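First to last, the protein sequences are chains A and B.
Per the working numbering, the first sequence starts with residue 1, numbered consecutively.
Per the working numbering, the second sequence starts with residue 330, numbered consecutively.
All C-beta atoms in this analysis are idealised placements derived from N, C-alpha and C, irrespective of residue type, glycine included.
Bear in mind that the values here come from a model prediction, so they are computed numbers and not experimental data.
The structure under discussion appears below in the form of structure tokens.
Number of protein chains: 2
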Amino acid sequence: MQAQLIALDWGTTSLRAYKLAAGGVVLEQRALASGIMQLPATSRVINGRECTDGFELAFDDACGDWLDAQPDLPVIACGMVGSAQGWREAAYCETPANVAHLGNSLQTLVSLRGTRVHIVPGVIQRSHLPNVMRGEETQVLGVLQNLPAEASGNLLIGLPGSHSKWVEVVEGCITHFDTFMTGEVFAVLSEHSILGRTQQHGAAFDGPAFDRGVQVALSADGELGVLSTLFSARTLGLTGELGASAQPDYLSGLLIGHELAALATVQRRRRNSAQLPSIILIGNAQLCARYSRALDACGFAAVTLAEQATERGLWQLALAAGLLDSSSR
Amino acid sequence: MQAQLIALDWGTTSLRAYKLAAGGVVLEQRALASGIMQLPATSRVINGRECTDGFELAFDDACGDWLDAQPDLPVIACGMVGSAQGWREAAYCETPANVAHLGNSLQTLVSLRGTRVHIVPGVIQRSHLPNVMRGEETQVLGVLQNLPAEASGNLLIGLPGSHSKWVEVVEGCITHFDTFMTGEVFAVLSEHSILGRTQQHGAAFDGPAFDRGVQVALSADGELGVLSTLFSARTLGLTGELGASAQPDYLSGLLIGHELAALATVQRRRRNSAQLPSIILIGNAQLCARYSRALDACGFAAVTLAEQATERGLWQLALAAGLLDSSSR
């Protein structure tokens, strides 16, 4: 099959490149470590000119050969590449945002080799406490493409990560979302707080320790909040009730448990219903497995995992932006 | 006045020494940076022997001259000096614990110069999630000494710090306490998370930014929990609603607000009363001022600050342990 689009998922620590054919079929894909915070630093000649720009170098690493073979392929990119620290800032679109709004708001730059690179904006929710996402909006759109419109009312899309996002959608629009810094808090506490001093890392996933952490968050003890229950990761160690190798997964379960317990409370209030929405998870398989386990414990009954969300979303956005022949759909 | 006791408040990062006369009157006091995690490392001769032990060196720095003048002065010490990483481990006493229990459980070592050093044990609460303190028990006892016994039923004693403690007392006994890792979480997020990247430190205390953080924790937005509201310290910066120099105090208010909102909820439940207990705060004056401000916002009406809690507590414990002449009271 002939390639129709190069799609880039370009985040803080990684760059994934997809060569897509008609219908969004993935012909080839690559993963590089060239996220926007760790770009290549060794200059070389690109298109006849000595180049020191990390974005140009990474872009050429990711898909230079694909463009050599098909110089007219359109290129679309989402993620932190469009942030103020990225290759070119693409201003946030406001909620409610759908594929048409975002597809009509791409920011375009011309690379050193003359290729037009179209950057997807993030989404901002100007609520009392503002919320932003960059990259996740594309994944959500990729999932929505495959859903019947009527499914979305009782649906919540979760994107676990350093900053996990929980996205509400109505008729193909991103209408509301919440962010939890759970992943980053886990990382900084494990690396830099007193809790990390007694943690032993590297063991296989300890399901019972993880589940115990989740249950503490859901218990009456959890009412004191995570700033308090955190300390149990230390004291259960002091009293010999939690081994060093169990402590990381206990802490992980505790934090994710607090996230999901609060999410369930707020979802019930917003929907004015005891019934919790169905969940679709997008993201790293191991992390999604942790969230699935904890969602189940928190009473979220129906959890499914989405695949290929990013490349599907980028394909839909390229279509909406008119970057593809109409025959490509 | 003649000295009767040397009292040491020996924590992780500091060592305070008090020379006390009859009635616990402070004759002289000193503060050294020789906490148990930053002990002196330069060897010297003590009592005729070359000494490399950091505890001995710090002890000699703190009160060697006082002991030269009065070699028979009893010495008592509280804090992390009695932890497993301290000079000599003093096993935790269980709750309920009062001045008699703790005074009868001192751990004694003999220093290089032949002085008996009596170390106060910490307190452990063997609840479902265990809790521990070391040093704070002495401060609480120092405060209780000056209170009529009947005052304690409607009282909560707060000790803000890296790990803040909230202590319930009944008739001179420490009966229950909770720990919040608020101070340490603030430090690691400011130093190591994405929130720190846009913070500008060094400005004077920004009261309105602090109060705003407290109010967010108390608002409907706070229901999502601190793992979620944390992200507003970033997004309010992105939208220009919170300047870089206001971000540290906003984050401080947010975290303290979540701590105190949860504390108020749990206190009302435990006491089965809408009325919140009176508060006595012990600790660093600037940090206590922040907590006073936030306690007021959370509906805790009566807040007072305790002074000289540590030295008073150490005096009471020395009395209970029989280290002092009965005429010294």
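Worksheet item: Alpha carbon to alpha carbon, how far is proline 606/B from alanine 631/B?
Response: Between proline 606/B and alanine 631/B, the C-alpha separation is close to 8 Å.
Worksheet item: Near leucine 159/A, what residues of its chain come up, given a Cβ to Cβ distance below 6 Å and the 5 sequence neighbours on each side ignored?
Response: If you ignore the 5 residues before and after leucine 159/A, its C-beta comes within less than 6 Å of the C-beta of Glu136, Lys165, Ile282 and Gly283, all in its own chain and listed in chain order.
Worksheet item: Roughly how many angstroms separate the alpha carbons of leucine 556/B and phenylalanine 180/A, rounded to a whole number?
Response: When the Cα atoms are used, leucine 556/B and phenylalanine 180/A turn out to be separated by approximately 5 Å.
Discussion item. Going by the DSSP bridge assignment, what does tyrosine 347/B pair with across the sheet?
Written reply: The partner list for tyrosine 347/B (beta bridge, DSSP) reads Ala336/B and Gln358/B.
Item to complete: Answer yes if the stretch 565-575 of chain B comes into contact with the stretch 264-280 of chain A, meaning at least three C-beta pairs across the two stretches below 8 Å, and no otherwise.
Response: At 8 Å Cβ cutoff, the stretches do not touch.
Worksheet item: Quick one, are the C-beta atoms of asparagine 131/A and threonine 558/B less than 8 Å apart?
Response: With respect to threonine 558/B, asparagine 131/A sits apart: the two C-beta atoms are not nearer than 8 Å.
Practice prompt. List in chain order: all unbroken alpha helix (DSSP H) runs of 4+ residues lying wholly within the stretch 100-156 of chain A.
Written response: Scanning the stretch 100-156 of chain A for uninterrupted alpha helix (DSSP H) segments of 4 residues or longer gives 136-144, listed from N- to C-terminal end.
Worksheet item: Who are the Cβ neighbours of threonine 504/B in its own chain at under 8 Å, not counting the five residues just before and after it?
Response: Same-chain partners within the cutoff: Thr424, Pro425, Glu497 and Val498.
Practice prompt. Determine the closest residue to glycine 153/A out of Gln247/A, Gln308/A, Glu171/A and Leu109/A, with distance taken between C-alpha atoms.
Written response: Taking glycine 153/A as reference, the option from Gln247/A, Gln308/A, Glu171/A and Leu109/A with the minimal CA-CA separation is Glu171/A.
Practice prompt. Determine, using beta carbons only, whether arginine 290/A and phenylalanine 210/A come nearer to each other than 8 Å.
Written response: The criterion of a C-beta distance shorter than 8 Å is satisfied by arginine 290/A and phenylalanine 210/A.
Worksheet item: Under a Cβ-count criterion, where at least 16 other Cβ atoms within 10 Å of its own Cβ denotes burial, should leucine 27/A be classed as buried or exposed?
Response: Result: exposed.
Worksheet item: Is the beta carbon of serine 228/A within less than 7 Å of some heavy atom of the ligand ZN?
Response: Ligands in the displayed structure: none, and consequently the ligand ZN is not present.
Discussion item. Relative to the C-alpha of histidine 492/B, which candidate in Ile194/A, Leu144/A and Ala203/A has its C-alpha closest?
Written reply: The closest CA to that of histidine 492/B, considering only Ile194/A, Leu144/A and Ala203/A, is found on Ile194/A.
Fill in: Three-state class that DSSP yields for isoleucine 405/B in the structure shown
DSSP places isoleucine 405/B within a strand segment (E or B) once states are collapsed to three.
Practice prompt. State the beta-bridge partners of valine 167/A as determined by DSSP.
Written response: Beta-bridge pairing by DSSP links valine 167/A to Ile157/A and Phe177/A.
Discussion item. By alpha-carbon positions, which one of Asp325/A, Ala318/A and Leu324/A ends up nearest to alanine 100/A?
Written reply: Relative to alanine 100/A, the option among Asp325/A, Ala318/A and Leu324/A whose CA is nearest is Ala318/A.
Worksheet entry | Contact under 8 Å by Cβ, alanine 187/A with serine 245/A | The Cβ atoms of alanine 187/A and serine 245/A lie no closer than 8 Å to each other.
Worksheet item: Do you know how far the Cα of alanine 31/A is from the Cα of aspartate 72/A?
Response: Taken atom to atom, the span from the alpha-carbon of aspartate 72/A to that of alanine 31/A is near 22 Å.
Worksheet entry | Residues from the stretch 262-286 of chain A in contact with chain B, defined by Cβ distance under 8 Å | Those residues of the stretch 262-286 of chain A that come within reach of chain B (Cβ to Cβ, closer than 8 Å) are Ala262, Leu263, Thr265, Val266 and Arg269.
Worksheet item: At least one CB of chain B closer than 8 Å to the CB of proline 130/A: is that the case?
Response: Yes, proline 130/A counts as interfacial toward chain B.
Worksheet item: Quick one, are the C-beta atoms of glycine 79/A and arginine 312/A less than 8 Å apart?
Response: No; because the gap between Cβ atoms is not below 8 Å, this pair is not in contact.
Discussion item. Using the three-state DSSP reduction, which class does arginine 88/A fall into: helix, strand or coil?
Written reply: If DSSP states are grouped into helix, strand and coil, arginine 88/A belongs with coil.
Item to complete: Helix, strand or coil for leucine 36/A, going by three-state DSSP, please let me know.
Response: The question names leucine, yet the displayed sequence has isoleucine at residue 36/A. Isoleucine 36/A carries a coil assignment under DSSP once its states are collapsed to helix, strand and coil.
Item to complete: Could you work out which residue in Phe384/B, Gly352/B and Val354/B is closest to tryptophan 339/B when comparing CA atoms only?
Response: For tryptophan 339/B, the nearest C-alpha among the options comes from Phe384/B.
Worksheet item: Using 8 Å as the limit for Cβ to Cβ distance, is aspartate 249/A near chain B?
Response: Aspartate 249/A does not count as touching chain B.
Discussion item. Can you confirm whether isoleucine 523/B, when its beta carbon is compared against all beta carbons of chain A, has any partner nearer than 8 Å?
Written reply: Proximity of isoleucine 523/B to chain A, defined by a Cβ-Cβ separation below 8 Å, is satisfied.
Practice prompt. Examine chain A for any beta-carbon lying closer than 8 Å to the beta-carbon of aspartate 550/B, and answer yes or no.
Written response: Residue-level contact by beta carbon holds for aspartate 550/B and chain A, with a gap shorter than 8 Å.
Worksheet entry | Residue span of the alpha helix (DSSP H) that contains serine 278/A, given as start and end | According to the DSSP assignment, serine 278/A belongs to no alpha helix (DSSP H) but to the beta strand (DSSP E) extending over 278-281.
Worksheet entry | 8 Å contact criterion, which phenylalanine 59/A and serine 111/A should meet: CB distance rounded | Right, the Cβ-Cβ distance comes to about 6 Å (below 8 Å), so this counts as a contact.
Worksheet item: Taking the beta strand (DSSP E) that glutamate 259/A falls in, what are its first and last residues?
Response: Element bounds for glutamate 259/A: not the beta strand (DSSP E) but the alpha helix (DSSP H), 247-271.
Worksheet item: Nearest-angstrom Cα distance between glycine 432/B and glycine 352/B?
Response: Between glycine 432/B and glycine 352/B, the C-alpha separation is close to 17 Å.
Worksheet item: Does the Cβ of glutamate 307/A have 16 or more other Cβ atoms within 10 Å, making it buried, or fewer, making it exposed?
Response: Under this definition glutamate 307/A is an exposed residue.
Fill in: Counted within 10 angstroms of its Cβ, other Cβ atoms place phenylalanine 205/A as buried (16 or more) or exposed
By the neighbour-count definition (other C-beta atoms within 10 Å, threshold 16), phenylalanine 205/A is an exposed residue.
Worksheet entry | leucine 553/B: contacting residues in chain A (beta-carbon distance under 8 Å) | The contacting residues are Asp178, Phe180, Ala262, Leu263 and Val266.
Item to complete: Provide the residue(s) that pair with alanine 426/B in DSSP beta bridges, ordered along the chain.
Response: Answer by DSSP bridge pairing, in chain order: Ile503/B.
Practice prompt. Using 10 angstroms around the beta-carbon of glutamate 259/A, count the other beta-carbons present and answer buried if the total reaches 16, otherwise exposed.
Written response: Looking at its Cβ environment, which holds 16 or more other Cβ atoms inside 10 Å, glutamate 259/A is buried.
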